Amino acid sequence: MDATFLAKLKSDYPDYRFVAGAKFSYRPPRTIIYKKDSEEVSDCLLMLHELGHALSHHRTFKTEVGRLKMEVQAWEKARELCTVYGVEIDKDLIQEELDTYRDWLHQKSRCPECGLTRFQTPDGIWHCPIS
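Per my numbering, the very first residue in the sequence shown carries number 5; after that it's consecutive.
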C-alpha cells in the first residue's frame with residue numbers, strides 16, 4: 005500500500021482504523037483492512053472501495069441481492085473518492101470484482117435438487133419454485 009496515500013486517508017478519516025491484513029475488507033463499524041505488503045496498482049482503488057462501505061454505513065445484509073446492492077453502493081462511493089484522491093478508475097477491475105458476487109448469487113440461486121432457479125425471501129431463506 006502506498007504510504008503517502010494511506011497517511012492521507014488516515015488524516016482525512018481519523019474516526020476509522022486502517023489495519024494491515026491478508027486481504028482488503030471492511031469490518032463494521034470502523035475498521036478498514038488493507039492487504040499487507042501489496043504494491044499493486046489497484047490497491048488504492050480497492051482501499052477506496054472498502055472506505056466506500058464504511059462511509060455508506062454498511063453493516064449486515066440478509067439476502068444475497070442485498071449484499072450485491074451494498075457492493076455496488078461501495079463501488080459508486082469509491083468512484084466519487086477517486087476524483088478526490090486522484091486515483092484512476094479501473095472499470096474492468098470494478099466489473100471483475102462485482103462479477104464475483106454475481107457469480108456467487110447465480111450459484112446460490114440454483115436449486116441443488118432440481119437445478120431450477122430458487123428465490124430468496126427477505127428472511128434470507130432460499131426456496132425452490134417446485135418444492
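For each residue, glycine too, the CB sits at the ideal point set by N, CA and C.
A quick note: this is a predicted structure, and the numbers were derived from the prediction, not measured.
Comparing alpha-carbon positions, the option among Gly128, Met51, Gln77, Asp96 lying closest to lysine 66 turns out to be Gly128.
Note: serine 29 is bridge-paired with Ile37 in the DSSP secondary-structure output. In this chain, the alpha helix (DSSP H) harbouring glutamate 68 covers 68 to 89. The beta carbons of tyrosine 38 and alanine 24 sit closer together than 8 angstroms.
Leaving aside the five residues that flank methionine 5 on each side, the residues in its chain whose CB is nearer than 6 angstroms to its CB run, in chain order, Tyr38, Asp47.
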